[in-house]
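Mapping of the sequence shown onto this note's numbering: residues 1072 to 1309, in sequence order. Backbone N, C-alpha and C fix where the C-beta goes; we use that ideal spot for every residue, glycine too. These numbers come from a predicted model, not from an experiment. One structure is given below, encoded as structure tokens.
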Amino acid sequence: MRFKLLGINVDSLSEDEIHERTAKLSNERRTSQIALLDTYLLMKAQFSKELKNIINSCDMVIPISDGIKFGLKFFKVKLDTVYNYFSFIIRLLTYLTEYNKNIYLLGGTERSIVRAEKNIRGSFPGIRLMGRFHVKYRKEFERDLITAIQKTSPAMTIVSMPRPKQEKWIYRVRKEFKEGVFIGIENFVDIIGDIDPSGKKTGTGSRRRAIIIKNPLRIFYYILYFVLLVVYKIFKLD
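Structure (structure tokens):
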């Protein structure tokens, strides 16, 4: 079921439904995009029409923070599941393994993506990792990168960049491909490589604290979030 929160789509789906939809999308003769939505990305979209349109054009918008659940509850909408960031990644890889889906991995630094590749091949041998590349590349190299991904024809391309850069990058390059699922997962490469920006394995809560400590201004988004919830409720904007 799909809901709206501050003008942004949010899908309430069980894990099985996500897997079924992902499998269906990966078999279609078109490209598709999946977004992982938390409060920070939701609030970034409030100030960017481009980002709002990108998220709302996604085939699935999966909630990964309690803030999204709180926001919907504020409007008396019950959200079935909020996915823990780290658990979602592990389950995604397990799913890809079970169905022998081939993937392309884009993200991290040259060193971290090598480690992530090693961990994926060691822990999830069923996954056919068709290729990987770091994101510290020169802009003029992007055409060659897109060509390299095209040649591997991955069922899923996991893009791990800072948000909302990854969502915008996927949306921009999708037209270069005929099929495949694209999903942006920030810090995916670091987490799978057992390294996050704070140097620890992380779940949703510790990840959120690490992000706020790294960029204290982000707490502003959470304060403004509550204000907007009140405004939307009073004026019945959603």
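Is the Cβ-Cβ distance between residue i and residue j less than 8 Å?
i: P1134; j: Y1166; result: no
i: L1117; j: Y1242; result: A small correction: the amino acid at residue 1117 is Gln; Leu does not occupy that position in the sequence shown. Going by C-beta atoms, Q1117 is not nearer than 8 Å to Y1242.
i: L1163; j: I1198; result: no
i: I1191; j: I1263; result: yes
i: A1094; j: C1129; result: no
i: L1096; j: V1252; result: yes
i: F1204; j: I1229; result: no
i: I1160; j: I1256; result: yes
i: T1180; j: Y1296; result: no
Counting only the same chain and skipping the five closest in sequence on each side, list residues whose C-beta sits under 6 Å from that of residue i.
i: V1206; result: G1178 and M1232
i: M1201; result: N1173, Y1175, T1223 and P1225
i: Q1237; result: V1230 and G1255
i: K1246; result: none
Using the DSSP secondary-structure output, state which residues sit across from residue i in a beta bridge.
i: G1251; result: T1102
i: F1204; result: L1177
i: T1223; result: Paired residue(s): none; T1223 is not in a bridge.
i: V1230; result: L1177 and G1255
i: P1134; result: L1108
i: R1199; result: N1173
If you drop the 5 nearest sequence neighbours on each side, which residues of the same chain put their C-beta closer than 7 Å to that of residue i?
i: N1171; result: G1197 and R1199
i: P1235; result: L1112, K1115 and L1122
i: E1250; result: E1099, R1100, R1101 and T1102
i: L1143; result: F1074, L1076, V1081 and L1150
i: F1248; result: T1102 and Q1221
i: M1072; result: S1083
i: L1300; result: G1142 and F1145
i: L1216; result: F1204 and Y1208
i: V1148; result: F1074
i: V1244; result: I1217
Counting only the same chain and skipping the five closest in sequence on each side, list residues whose C-beta sits under 8 Å from that of residue i.
i: L1108; result: I1079, V1081, I1126, V1132, I1133, P1134, I1135, S1136 and I1139
i: K1304; result: F1145 and F1146
i: E1169; result: G1197
i: A1219; result: G1202 and F1204
i: I1266; result: Residue confidence is low: I1266 scores 47 on pLDDT, short of 50, so the model does not pin down where it sits. No coordinate-derived value is stated.
i: D1309; result: K1075, L1076, L1077, G1078, F1146 and Y1303
i: H1090; result: Y1166
i: Y1292; result: T1110, Y1111, M1114 and K1115
With 8 Å as the threshold, decide whether the Cβ of residue i is near any Cβ in chain B.
i: F1291; result: Looking for chain B here will not work: only one protein chain is present.
Item to complete: Mind listing, in chain order, the continuous beta strand (DSSP E) runs of no fewer than 3 residues lying wholly within the region 1073-1129?
Response: 1073-1076, 1079-1082 and 1102-1108
Item to complete: Decide if the region 1207-1222 is in contact with the region 1182-1190; the criterion is three or more beta carbon pairs, one per stretch, under 8 Å apart.
Response: no
Item to complete: Determine, using beta-carbon pairs with one atom in the region 1216-1227 and one in the region 1081-1091, whether at least three such pairs fall under 8 Å.
Response: no
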